[in-house]
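In my numbering, the protein residues as written are 1333 to 1777.
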């Protein structure tokens, strides 16, 4: 009965997914440009230093990504209810909270740096490059966190085209600044970090312009101001953000451990894994285009109490994400050198890289399912489900295998750990779909 009639929303959903994919691809593309500029320098320590310093930013920015995730779902649900006041209330409240958090990160940059580098293992040359990158990139913290809110708000409203323009301008400026700072001024790792930071401010300026150009409901401003800091709304916000934060930190722990354990396997393995992880991140953003569209529509259908549409959405999103992930992985597995030779000229990395590149297939294949389900439950604002899934997958799946890989000096075990992480996330999340959908049906009745 579910598949007797094709829903009318599939075409606009696909348009939004394509727009999100285009914009999402530009984020890791900028990271690949960083890698390409640094990978062509004479010394590989710049590439390795940035890879390790990026672990700290993954912890910080992925940890605060609840500002994006905690914005899209509630906004999409408000769109489904046709609640204009709540749409703008969420934007203002979350933007102010994100700005405060970003300024706090900037003020605490010295202790963050000291703690972060204490836990990372690297030689003196690599450490110097990593510290330089950190000092350049950290100045962008306030812009990064407010950008999360702006992007989440636009995605929740289904404004994919505006997200594309925002990402294109922000990441395009990153490429230009990378070239100027690294190639022309010779600032190497510091230049890569500063280019990324300044591009975030360019992105924020464009985002504010897009928001200002929207039809602001000025007649609702007094009500929005009155409800801005209501205790009940703040408790709900912090409850959702707490669960998303725990989920995100668990996944960041896994990815950070992967890079840190890679450094213990030697600089060659670290360099190879740094290149492959760039592909994983690029592909994740690519597949996230579908997941973000799923998140936006899931929130809307949740607001409308439409379970049939939610099931259609889940099948469509999972199929699209898995197809993209497998296609990328197989392409790079069959033809690795044409792509990776663009990122580095270090032959000792390129010669050994084909030995490990096939691990992209299970990582991205299982990842496609996990990313779609992430978007689904974020749209339903079911943060507790995402939290529990991440904790189980990291603590019972990834960490035991990763520790064994570190103990046995086995790079393949490390990639197996990452594959198991993705698979367990998918399994634990998909088990919750019929349960939460039944609850929604009961509410509709």
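A virtual CB, placed ideally from N, CA and C, is assigned to each residue, including glycine.
Just so it is clear, the structure is predicted and the values come from calculations on it, not from any experiment.
Comparing C-alpha positions only, which one of the options sits nearest to residue i?
i	options	result
residue 1460	1480, 1521, 1706, 1772	1521
residue 1701	1761, 1661, 1692, 1347	1761
residue 1422	1379, 1585, 1481, 1445	1481
residue 1507	1665, 1369, 1741	1369
residue 1740	1645, 1597, 1621, 1625	1597
residue 1463	1503, 1383, 1574, 1540	1383
residue 1697	1736, 1644, 1753, 1743	1753
residue 1575	1490, 1388, 1401	1401
Taking its Cβ as the centre, do 16 or more other Cβ atoms sit within 10 Å of residue i, making it buried, or is it exposed?
i	result
residue 1758	buried
residue 1512	exposed
residue 1510	buried
residue 1561	exposed
residue 1278	Residue 1278 lies beyond the stretch modelled for the chain, which goes from 1333 to 1777, so this question has no answer here.
residue 1567	exposed
residue 1683	exposed
residue 1704	buried
residue 1672	buried
residue 1691	buried
residue 1378	buried
Taking the alpha-carbon positions, what's the residue i to residue j distance?
i	j	result
residue 1695	residue 1466	28 Å
residue 1341	residue 1642	11 Å
residue 1593	residue 1344	43 Å
residue 1350	residue 1678	35 Å
residue 1718	residue 1709	7 Å
residue 1403	residue 1532	19 Å
residue 1604	residue 1618	21 Å
residue 1274	residue 1409	Residue 1274 falls outside the range modelled here, since the chain spans only 1333 to 1777, and no answer is possible.
residue 1728	residue 1747	16 Å
residue 1390	residue 1433	16 Å
residue 1657	residue 1693	8 Å
residue 1333	residue 1649	Only weak support is given to the placement of residue 1333: the predicted model assigns it a pLDDT of 44, under 50, and the value that follows is read from those uncertain coordinates. Spanning the two alpha carbons is a distance of roughly 19 Å.
residue 1734	residue 1749	6 Å
residue 1288	residue 1716	What is shown of the chain runs 1333 to 1777, which leaves residue 1288 out entirely.
residue 1536	residue 1426	15 Å
residue 1406	residue 1764	20 Å
residue 1517	residue 1468	14 Å
residue 1659	residue 1504	26 Å
Can you name the start and end residues of the alpha helix (DSSP H) that residue i belongs to?
i	result
residue 1516	Per DSSP, residue 1516 belongs to no alpha helix (DSSP H) and is neither H nor E.
residue 1683	1679-1684
residue 1638	Element bounds for residue 1638: n/a, residue is neither H nor E.
residue 1732	1731-1740
residue 1724	1715-1724
Excluding sequence positions up to five away, which residues of its chain have a Cβ less than 8 Å from the Cβ of residue i?
i	result
residue 1395	1577, 1580, 1581, 1584
residue 1431	1474, 1477, 1478
residue 1606	1367, 1379, 1380, 1383, 1591, 1594
Excluding sequence positions up to five away, which residues of its chain have a Cβ less than 7 Å from the Cβ of residue i?
i	result
residue 1721	1757, 1760, 1761
residue 1626	1645, 1649, 1704, 1707, 1708, 1711
Got a sec? Which residues, its chain only, sit under 6 Å from residue i by beta carbon, not counting five neighbours each side?
i	result
residue 1602	1380, 1594, 1595
residue 1493	1351
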